[in-house]
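Visitor: Have a look at this one.
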Amino acid sequence: MDLSKVHFLVIDDSHETVLLVRSVLSSWGAHGVHEAASAERAIEALTTTNPDIAILDQRLGGDDGLSLLRFIRNESANPYLPVIVLSADGRKARVAEARDAGANEFLVKPFTARGLYIKLQSVILQPRPFVRSKDYFGPDRRRKPDPEYKGPERRGG
0 MDLSKVHFLV IDDSHETVLL VRSVLSSWGA HGVHEAASAE RAIEALTTTN
50 PDIAILDQRL GGDDGLSLLR FIRNESANPY LPVIVLSADG RKARVAEARD
100 AGANEFLVKP FTARGLYIKL QSVILQPRPF VRSKDYFGPD RRRKPDPEYK
150 GPERRGG
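Just so it is clear: in the sequence shown, position 34 is 33 by numbering that gives the first Met the number 0, and no numbers are missing.
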């Protein structure tokens with residue numbers, strides 16, 4: 000996977016995490032790695048850097064990470080931006096919160112380079128289609144078909 004032309008925006012208030020992500024991405028040939036330490040700076044950077052992929056801390060400055068993700072999905076110029084959410088809390092409820100906010104992928108800190116690579120492969124090589132409902136816009140939350148579901152909002156596939 001050639002990352003030399005992919006532009007990343009790493010959004011995390013932990014300088015150490017940003018350095019680690021930047022170092023791993025650079026080791027794979029990524030040159031366009033930008034960073035933002037707050038939601039406000041990230042909103043600026045979304046327009047000035049035009050990233051291809053965002054890597055976002057779920058608890059950015061408290062609870063701003065998922066608010067920023069909702070902003071990206073519902074108000075930004077690029078609502079289809081692939082977003083990988085990082086979190087130190089890997090409980091099922093936290094993963095579900097990120098998924099329901101529109102995350103493409105979720106990665107628990109501390110993460111391995113291999114773990115990040117797998118998430119990048121997923122968003123680059125196997126992107127999920129986006130769906131819109133009355134209260135959600137983002138990547139299809141289903142990972143596999145549920146033949147048991149027969150409800151009124153059933154989608155094909």
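Here a beta-carbon is modelled for each residue, glycine too, at the ideal position from N, C-alpha and C.
Give the secondary structure of residue 14 by DSSP, where H, G and I count as helix, E and B as strand, and everything else as coil.
Guide: In this structure, residue 14 counts as helix in the three-state DSSP scheme.
Visitor: Can you give me the Cβ contacts of residue 85 inside the same chain, cut-off strictly under 6 Å, excluding the 5 residues immediately before and after it?
Guide: So the list reads 56, 106 and 108, once near-sequence residues are dropped.
Visitor: From the DSSP output, which residues share a beta bridge with residue 34?
Guide: DSSP lists 9 as partners of residue 34.
Visitor: To the nearest angstrom, how far is it from the Cα of residue 96 to the Cα of residue 62?
Guide: If you take the alpha carbons of residue 96 and residue 62, they lie about 11 Å apart.
Visitor: Taking residue 45 and residue 75 to be in contact with their CB atoms under 8 Å, please state how far apart those CB atoms are, rounded to whole angstroms.
Guide: Contact holds; Cβ gap of about 6 Å.
Visitor: According to DSSP, is residue 79 part of a helix, a strand, or is it coil?
Guide: Coil.
Visitor: For residue 137, report the span of its beta strand (DSSP E) as first-last.
Guide: That run of the beta strand (DSSP E) goes 135 to 138.
Visitor: Suppose the cutoff is 6 Å on Cβ atoms and the five residues either side in sequence are ignored; what does the same chain contact list for residue 127 look like?
Guide: Cβ neighbours of residue 127 beyond the five flanking positions: 138 and 139.
Visitor: Could you spell out where the beta strand (DSSP E) holding residue 105 opens and where it closes?
Guide: It spans 104 to 107 - the beta strand (DSSP E) in which residue 105 sits, taken as one unbroken run.
Visitor: Looking at the structure shown, is residue 65 part of a helix, part of a strand, or coil, going by DSSP?
Guide: Here residue 65 sits in helix by DSSP.
Visitor: With distances taken Cα to Cα, identify the nearest neighbour of residue 47 among 99, 6, 121 and 147.
Guide: Checking every option, the nearest Cα to that of residue 47 belongs to 6.
Visitor: Check each candidate in 9, 88, 67 and 8 and name the one with the smallest Cα separation from residue 39.
Guide: That would be 67, whose Cα lies nearest to the Cα of residue 39.
Visitor: Kindly indicate which three-state DSSP category residue 131 falls into: helix, strand or coil?
Guide: Strand.
Visitor: How many Å lie between residue 130 and residue 141 at the Cα?
Guide: Looking at the two C-alpha atoms, the distance is approximately 11 Å.
Visitor: According to DSSP, residue 42 sits in a beta bridge with which residue or residues?
Guide: Note: residue 42 sits in no beta bridge, so no partner.
Visitor: Taking residue 119 as part of the alpha helix (DSSP H), name the residues at either end of that continuous run.
Guide: Looking at the DSSP string, the run of the alpha helix (DSSP H) that includes residue 119 is 112 to 124.
Visitor: Please report the straight-line C-alpha distance between residue 134 and residue 102, rounded to a whole angstrom.
Guide: Cα to Cα, the separation comes out at about 15 Å.
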